[in-house]
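Q:
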Amino acid sequence: EEDESQIFVKFFRFHKCYDLVPTSAKLVVFDTQLLVKKAFYALVYNGVRAAPLWDSQRQEFIGMLTITDFIKILKMYYKSPNASMDELEEHKLDTWRKVLLEDVKKLVSIGPDASLYDAIKMLVHNRIHRLPVIDPATGNVLYILTHKRILRFLFLYINELPKPSYMQKTLREVRIGSYDKIETATEDTSIITALYKFVDRRVSALPMVDSEGRLTDIYAKFDVINLAAEKTYNDLDVSLKKANEHRNAWFEGVQRCKLDETLFTIMERIVRAEVHRLVVVDEEEKVIGIISLSDILLYLVLRPSGDGIGDSESLRATDPKLLAANNSSSGSGSPLGSKNLLNSSKRDSNESIEEEKETTEEDEEQQQRSDAAQKTESTEGGAEAAATDSVPEPAEEMAEEAKEDPAVEEDDEEEAVAGSPVDRASANDSPVTPDDLLAASSSDNNPLATVQREVGLVSE
Numbered sequence: 001e002e003d004e005s006q007i008f009v010k011f012f013r014f015h016k017c018y019d020l021v022p023t024s025a026k027l028v029v030f031d032t033q034l035l036v037k038k039a040f041y042a043l044v045y046n047g048v049r050a051a052p053l054w055d056s057q058r059q060e061f062i063g064m065l066t067i068t069d070f071i072k073i074l075k076m077y078y079k080s081p082n083a084s085m086d087e088l089e090e091h092k093l094d095t096w097r098k099v100l101l102e103d104v105k106k107l108v109s110i111g112p113d114a115s116l117y118d119a120i121k122m123l124v125h126n127r128i129h130r131l132p133v134i135d136p137a138t139g140n141v142l143y144i145l146t147h148k149r150i151l152r153f154l155f156l157y158i159n160e161l162p163k164p165s166y167m168q169k170t171l172r173e174v175r176i177g178s179y180d181k182i183e184t185a186t187e188d189t190s191i192i193t194a195l196y197k198f199v200d201r202r203v204s205a206l207p208m209v210d211s212e213g214r215l216t217d218i219y220a221k222f223d224v225i226n227l228a229a230e231k232t233y234n235d236l237d238v239s240l241k242k243a244n245e246h247r248n249a250w251f252e253g254v255q256r257c258k259l260d261e262t263l264f265t266i267m268e269r270i271v272r273a274e275v276h277r278l279v280v281v282d283e284e285e286k287v288i289g290i291i292s293l294s295d296i297l298l299y300l301v302l303r304p305s306g307d308g309i310g311d312s313e314s315l316r317a318t319d320p321k322l323l324a325a326n327n328s329s330s331g332s333g334s335p336l337g338s339k340n341l342l343n344s345s346k347r348d349s350n351e352s353i354e355e356e357k358e359t360t361e362e363d364e365e366q367q368q369r370s371d372a373a374q375k376t377e378s379t380e381g382g383a384e385a386a387a388t389d390s391v392p393e394p395a396e397e398m399a400e401e402a403k404e405d406p407a408v409e410e411d412d413e414e415e416a417v418a419g420s421p422v423d424r425a426s427a428n429d430s431p432v433t434p435d436d437l438l439a440a441s442s443s444d445n446n447p448l449a450t451v452q453r454e455v456g457l458v459s460e
């Protein structure tokens with residue numbers, strides 16, 4: 001009998017990145033000559049949290065613009081309440097990238113024929129949260145892979161797959177997540193302080209606690225989008241309590257779990273709630289840890305194959321009480337030894353907390369189930385032929401066609417304007433090249449964003 005720990009490894013090695021690509025979707029692309037302010041407005045207005053960056057001079061994609069960039073800009077240039085930030089108003093994306101030259105990394109991408117296993121490994125080892133799927137033949141971005149989408153894809157098949165015995169083990173037994181030096185905030189913490197915590201501690205969410213340490217709320221990088229959508233980024237000294245009063249309809253809520261709940265229960269809760277993390281609390285609702293999507297995928301997929309052991313992405317159970325409980329049961333077949341656990345616990349707090357929430361829809365999940373059922377019937381060669389014969393619309397989280405609206409001027413990372421859901425574009429079998437997009441997006445009537453039927457390029 002084969003090792004049950006290899007079940008999910010084989011599943012993700014069998015499925016290709018192409019299996020997650022919707023047959024029809026929109027994608028927004030930003031030209032690097034676009035003004036920073038307009039770029040973040042366009043993110044908000046199009047209902048997306050990130051967009052690929054296109055360098056028209058080099059004729060290639062060079063990176064991604066995300067809410068983290070917006071946070072870094074605010075952190076770098078914010079001086080005092082109501083003081084203008086000329087850098088945000090006047091800089092182009094290209095200028096901003098040069099300012100952050102030491103922090104700018106080469107774009108990490110993957111091809112549609114690569115396995116989802118390889119995609120997970122790239123996400124975890126590069127410590128990124130978005131992985132563009134790029135067609136090597138055309139250079140077009142087809143989709144944006146995330147931890148969240150990959151785990152949701154697994155759950156389309158979860159009842160058809162054998163379930164490893166460790167799925168019924170408790171969080172206390174499997175020992176995954178972060179339990180040491182969890183960075184928190186209170187309702188009186190200022191926004192600017194929270195932004196510094198995001199950048200300096202490399203976390204993407206801050207559990208909010210009361211004076212007794214009990215969980216009351218959460219403030220995530222995703223929430224910073226409200227500063228752009230509501231044009232309130234000029235005063236970052238206001239409290240998180242006040243900031244959360246303006247929280248939009250897409251707020252994912254504070255989802256929690258306890259150490260004695262099973263791994264399967266925790267996974268199911270994350271998928272059903274469409275969140276990126278669960279806050280681990282004790283019987284008194286006091287925060288003791290964080291478990292994120294990347295923690296789960298590392299444990300399910302990379303740990304059994306040996307690609308995650310010793311890596312600092314997960315398995316960071318360092319709470320003394322938890323370690324004591326784990327050590328007492330270390331001889332009962334626990335999935336990972338204390339040595340590897342402690343080696344990988346050096347990373348601070350919730351560093352691997354999954355970034356920002358993606359806009360999701362039930363129709364996308366249904367479509368993925370239908371598409372995947374057809375695609376998995378074919379062999380690898382058939383998958384290649386499918387990728388050649390019917391190139392899916394470039395990708396992902398694209399939102400409704402932009403219409404010029406003077407009220408929408410500023411923005412950040414991921415929210416559908418007025419709560420509008422992601423709008424699917426009709427399928428188009430002929431790919432749109434970046435050159436076509438540049439030519440098509442130069443209309444003066446819509447300087448904010450031009451979204452093509454298949455791909456939209458936002459340019460100056």
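According to the UniProt record's numbering, the sequence shown is numbered sequentially starting from 1.
Virtual Cβ for every residue (Gly too), placed ideally from N, Cα, C.
1) By the DSSP assignment, the alpha helix (DSSP H) with Ala194 in it spans what residues?
2) In whole angstroms, give me the CA-to-CA distance for Ala42 and Arg130.
3) Among Ser115, Val224, Glu212 and Ala119, whose alpha-carbon lies nearest the alpha-carbon of Ile71?
4) For Val287 versus Val279, is the C-beta spacing smaller than 7 angstroms?
5) Tell me, to the nearest whole angstrom, how far the beta carbon of Leu74 is from that of Met64; I am working on the premise that it is less than 8 angstroms.
6) Let me confirm a value: Asn126 is counted as buried when at least 16 other C-beta atoms fall within 10 Å, else exposed. Which label applies?
7) Are at least three pairs of beta-carbons, each pair with one atom in the segment 134-151 and one in the segment 8-23, less than 8 angstroms apart?
8) In chain order, what residues of the same chain have a beta carbon less than 6 angstroms from the beta carbon of Leu236, not counting five sequence neighbours either side?
9) Starting from Glu284, trace the alpha helix (DSSP H) in both directions and tell me its first and last residue.
10) From Glu4 to Asp307, what does the alpha carbon distance come to, in whole angstroms?
11) Helix, strand or coil: how does DSSP classify Pro394 here?
12) In terms of alpha-carbon separation, which member of Val281, Leu34 and Leu293 lies closest to Tyr179?
13) How many whole angstroms separate the CB atoms of Tyr219 and Ala185, which I take to be in contact at a CB cut-off of 8 angstroms?
14) Which first and last residues belong to the alpha helix (DSSP H) in which Thr265 is found?
15) Please report how far the alpha carbon of Glu283 lies from the alpha carbon of Lys258, in whole angstroms.
16) Pull up the distance between the alpha-carbon of Ala273 and that of Ser56, whole angstroms please.
17) Name the DSSP bridge partner or partners of Met208?
18) From the DSSP output, which residues share a beta bridge with Ala35?
A: Put simply:
1) The count along the sequence shown starts at 1 and reaches residue 194 at position 194. Residues Ile191 to Asp200.
2) To locate residue 42, count along the sequence shown from 1; it is residue 42. To locate residue 130, count along the sequence shown from 1; it is residue 130. If I take the Cα positions, the gap works out to 19 angstroms.
3) Taking the first residue of the sequence shown as position 1, residue 71 is located at position 71. When the alpha-carbon of Ile71 is set against those of Ser115, Val224, Glu212 and Ala119, the nearest one is in Val224.
4) The sequence position of residue 287 within the sequence shown is 287, counting from 1. The sequence position of residue 279 within the sequence shown is 279, counting from 1. Cβ distance < 7 angstroms, so Val287 and Val279 count as in contact.
5) Stepping through the sequence shown from its first residue, residue 74 is reached at position 74. Stepping through the sequence shown from its first residue, residue 64 is reached at position 64. Rounded, the Cβ-Cβ distance is 18 angstroms, inconsistent with contact.
6) In the sequence shown, residue 126 corresponds to position 126, counting from 1. With fewer than 16 Cβ atoms within 10 Å of its Cβ, Asn126 is classed as exposed.
7) The segment 134-151 vs the segment 8-23: in contact.
8) Taking the first residue of the sequence shown as 1, we reach residue 236 at position 236. Correct list, in chain order: Tyr78, Ile191 and Ile192.
9) For the purposes of this step, residue 284 is taken as residue 284 along the sequence shown, with counting starting at 1. Glu284 -> no alpha helix (DSSP H), and no H or E assigned at all.
10) Position 4 of the sequence shown, counted from the start, is the residue given in the question as residue 4. Position 307 of the sequence shown, counted from the start, is the residue given in the question as residue 307. Looking at the two C-alpha atoms, the distance is approximately 17 angstroms.
11) Along the sequence shown, read from residue 1 onward, the residue named residue 394 stands at position 394. Because Pro394 carries a pLDDT of 33, less than 50, the predicted location of this residue cannot be relied on, and the following value inherits that uncertainty. Of the three classes helix, strand and coil, the one that applies to Pro394 here is coil, per DSSP.
12) To locate residue 179, count along the sequence shown from 1; it is residue 179. For the options Val281, Leu34 and Leu293, the alpha carbon positioned closest to that of Tyr179 is the one of Val281.
13) Reading the sequence shown from its first residue, position 219 is the one you call residue 219. Reading the sequence shown from its first residue, position 185 is the one you call residue 185. Confirmed, Cβ separation roughly 6 angstroms.
14) On the sequence shown, residue 265 is found 265 positions in, with the first residue counted as 1. It spans Leu263 to Ala273 - the alpha helix (DSSP H) in which Thr265 sits, taken as one unbroken run.
15) Position 283 of the sequence shown, counting from 1, holds the residue named residue 283. Position 258 of the sequence shown, counting from 1, holds the residue named residue 258. Between the alpha carbons of Glu283 and Lys258 lies a distance of about 8 angstroms.
16) In the sequence shown, the residue the question calls residue 273 occupies position 273. In the sequence shown, the residue the question calls residue 56 occupies position 56. The straight-line gap from Cα to Cα measures roughly 40 angstroms.
17) Residue numbering aside, residue 208 sits at position 208 when the sequence shown is read from its first letter. As a beta-bridge residue in DSSP terms, Met208 pairs with Ala185 and Asp217.
18) Counting from one through the sequence shown, the residue named residue 35 turns up at place 35. For clarity, residue 35 is Leu in the given sequence; the question names Ala instead. Per DSSP, the beta-bridge partners of Leu35 are Lys92.
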